[in-house]
Structures are given as C-alpha cells and as structure tokens.
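Colleague: Would you mind keeping the following structure in view while I ask a few things?
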Amino acid sequence: MFGPRFSVAKCKTASGLVVGRLKLQKNKKSIQIKQMKREISDLLHAGKNDNAVIRCEAVIHHEKMIAAFEILELFCELLNVRLQLIDKTKEIPSDMREAVASIIFAARRVPEVPEIGQLSQQLGIKYGKEFAAAAAGEETCRNVQVNEKLIDCLSVNPPPGTAKLDLLAEVAKEYAVDSWDYELARRQLVPDGSVPAGMMTGPPPSNYVDYTSDSGSVGG
1 MFGPRFSVAK CKTASGLVVG RLKLQKNKKS IQIKQMKREI SDLLHAGKND
51 NAVIRCEAVI HHEKMIAAFE ILELFCELLN VRLQLIDKTK EIPSDMREAV
101 ASIIFAARRV PEVPEIGQLS QQLGIKYGKE FAAAAAGEET CRNVQVNEKL
151 IDCLSVNPPP GTAKLDLLAE VAKEYAVDSW DYELARRQLV PDGSVPAGMM
201 TGPPPSNYVD YTSDSGSVGG
C-alpha cells in the first residue's frame, strides 16, 4: 500500500494559515506584555519585589515567543515562494534546509499555532520520518540545521537572573518606580557577581546613579 503523498496545495494552504495565526498571536502577546509590565510596575511600587520577579518570567517567555513567531513567519513565507522547487526536487534545497527543519522543530512547541502541525506533517511526508524525527528532537535538531535562535526562544528553561534584572530595570525606568533598589535586586538575582556592582546589562531605572562614579549613590 502507498502512504500519504506530499501535496503542494495542502502545504501552501497550511503555510498561509500558519502565517495568519502567527500574526494574530504576535499582536495578542504584545498586548499581554504591555499589561504585564504595568502589573510589574504596580508590584514594584507596592514593594512586592518577589512577586514582580515571578511576573518577569511570564513577560520574558512572551517576548521569546514573539521572536520565535517572527522567525517562523519568515520561514513560512520563504517556503511558500519555493514550493514549486520543493515539489520538483527529491532532496531539500540547501538554502531551505534551515527553514524546513525549523518548522518541523516548532510544530510540537507552539500550541498557540495548531496549523503548523499540518505543515510539519506535509514536510515530514516529503523528506521522510528520519529527517522529521531528527528535526523535532531536542538532542538532534542542531544536526539538521534548526535555527539556533528559534531553539533558544522555544526552550523551556527559566530565564537567567540577568534577564529578569534587565526587565525590572526597564519597567522601573519606564514607570518611574523611584522606590525600587537596583543594587538590592542585583544581589538577589545575580548573586554570582556576573553583573558587577554599578554595571547593569539593560537600561537603568530613573533613580539609579552608579556607585562607582565620583558623586554617585543609589536612591530609593
């Protein structure tokens, strides 16, 4: 018996649906990020710093998902342009390998975009179970050129303390949370000293003055 066959029409329809869904999800998450940043500022104003840090993780996750969606949108648009070439060739065109592998990798990791599963299925039919399994696997995805930034964006690992510190500093500056103490947050979030005193990796809060300057001290 013959198995399912690759369909250009199904692939084109699925990729179009994926792009549409990605755009919707990017807009949705951007709105949610703005709301969550305001909530973080309220928590900082109230002195609930631990709660603010927890909330930061959700914001960072959303920001990484938006970055992942932008990568996938680009790859889907590229796939649409090259569908006729893909249909006529047995092997993956060298300049399409990253796009194809990355779409398959993302299929199980972006539940907000269920249509990508249909697209991944078509690509798996075209290039075989072995390639699809390698692209989908956490340990093997790099062997088939899945986009490195996409792997990072879709990682389930918690964000590092430096990322949370940067976000807190950004929110404190944007919403003028003068009571927030950058140095205290730095000692709590980056205890290993990878961000030295007076050296932040993101924008400083409005009340921050470098301890290492001749006249500086940290207010709040």
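In UniProt numbering, the protein residues as written are 1 to 220.
For each residue, glycine too, the CB sits at the ideal point set by N, CA and C.
1. Going by other Cβ atoms of all chains shown within 10 Å of its Cβ, with 16 needed for buried, is residue 222 buried or exposed?
2. Identify whether residue 51 lies in helix, strand or coil by the three-state DSSP scheme.
3. When you compare the CB positions of residue 33 and residue 163, do they come within less than 7 Å of one another, or not?
4. Does the distance from the C-beta atom of residue 115 to that of residue 14 stay below 7 Å?
5. Determine the direct distance from the alpha carbon of residue 38 to that of residue 56, and round the result to whole angstroms.
6. Do the region 171-186 and the region 41-56 meet, that is, are 3 or more Cβ pairs less than 8 Å apart?
7. Go through its chain and collect everything with a Cβ distance to residue 25's Cβ below 7 Å, but skip five positions before and after it.
8. Determine the burial state of residue 95: buried for a count of at least 16 other Cβ atoms within 10 Å of its Cβ, exposed for fewer.
9. Ignoring anything shorter than 3 residues or poking outside the region 120-190, list the beta strand (DSSP E) runs there in chain order.
10. Please tell me whether residue 105 and residue 146 are closer than 7 Å, where the distance is taken between their beta carbons.
11. Hey, would you say residue 76 sits closer than 7 Å to residue 8, going by beta carbons?
12. What alpha helix (DSSP H) runs, 4 residues minimum, are completely inside the region 40-115?
13. Helix, strand or coil for residue 15? Go by DSSP, reduced to three states.
14. So which of 161, 126, 144 has the shortest CA-CA distance to residue 98?
15. Quick one, which of 88, 64, 65 has its alpha-carbon nearest residue 6's?
16. Nearest CA to the CA of residue 225: which residue from 54, 42, 176, 66?
17. Just how far apart, CA to CA, sit residue 181 and residue 23?
18. By DSSP, does residue 38 sit in helix, in strand, or in coil?
19. Residue 150 and residue 189 - do their beta-carbons sit closer together than 7 Å?
20. If you reduce the DSSP assignment to three classes, tell me which class residue 6 lands in.
Modeller: From the atom records:
1. Because the chain here runs from 1 to 220, residue 222 falls outside it and cannot be looked at.
2. Position 51 of the sequence shown, counting from 1, holds the residue named residue 51. It is helical.
3. Here residue 33 refers to the residue found at position 33 when the sequence shown is read from its first residue. Here residue 163 refers to the residue found at position 163 when the sequence shown is read from its first residue. No, Cβ-Cβ distance for residue 33 and residue 163 is not below 7 Å.
4. Here residue 115 refers to the residue found at position 115 when the sequence shown is read from its first residue. Here residue 14 refers to the residue found at position 14 when the sequence shown is read from its first residue. Closer than 7 Å, so yes.
5. For the purposes of this step, residue 56 is identified with residue 56 of the sequence shown, where counting begins at 1. For the purposes of this step, residue 38 is identified with residue 38 of the sequence shown, where counting begins at 1. Those two C-alpha atoms are separated by around 11 Å.
6. In this structure the region 171-186 lies against the region 41-56, because at least three pairs of beta carbons, one per stretch, are closer than 8 Å.
7. The residue given as residue 25 occupies position 25 in the sequence shown. Closer than 7 Å at the Cβ level, and outside the excluded window around residue 25, lie 69, 112, 113.
8. Counting from one through the sequence shown, the residue named residue 95 turns up at place 95. Flag for residue 95 reads exposed.
9. none
10. Sequence index remark: in the sequence shown, residue 105 carries index 105 (1-based). Sequence index remark: in the sequence shown, residue 146 carries index 146 (1-based). Yes.
11. Here the question's residue 76 lines up with position 76 in the sequence shown. Here the question's residue 8 lines up with position 8 in the sequence shown. The answer is no: Cβ separation not under 7 Å.
12. Runs of the alpha helix (DSSP H) inside the region 40-115: 49-88, 97-107.
13. Translated into the one-based positions of the sequence shown, residue 15 becomes position 15. The answer is helix: DSSP assigns residue 15 an H, G or I state.
14. Sequence index remark: in the sequence shown, residue 98 carries index 98 (1-based). For residue 98, the nearest C-alpha among the options comes from 144.
15. Sequence index remark: in the sequence shown, residue 6 carries index 6 (1-based). That would be 88, whose Cα lies nearest to the Cα of residue 6.
16. The requested residue 225 is not part of the displayed model; the chain covers only 1 to 220.
17. Reading the sequence shown from its first residue, position 181 is the one you call residue 181. Reading the sequence shown from its first residue, position 23 is the one you call residue 23. Roughly 37 Å between the two C-alpha positions.
18. The sequence position of residue 38 within the sequence shown is 38, counting from 1. The answer is helix: DSSP assigns residue 38 an H, G or I state.
19. Along the sequence shown, read from residue 1 onward, the residue named residue 189 stands at position 189. Along the sequence shown, read from residue 1 onward, the residue named residue 150 stands at position 150. Cβ distance not < 7 Å, so residue 189 and residue 150 don't count as in contact.
20. Stepping through the sequence shown from its first residue, residue 6 is reached at position 6. If DSSP states are grouped into helix, strand and coil, residue 6 belongs with coil.
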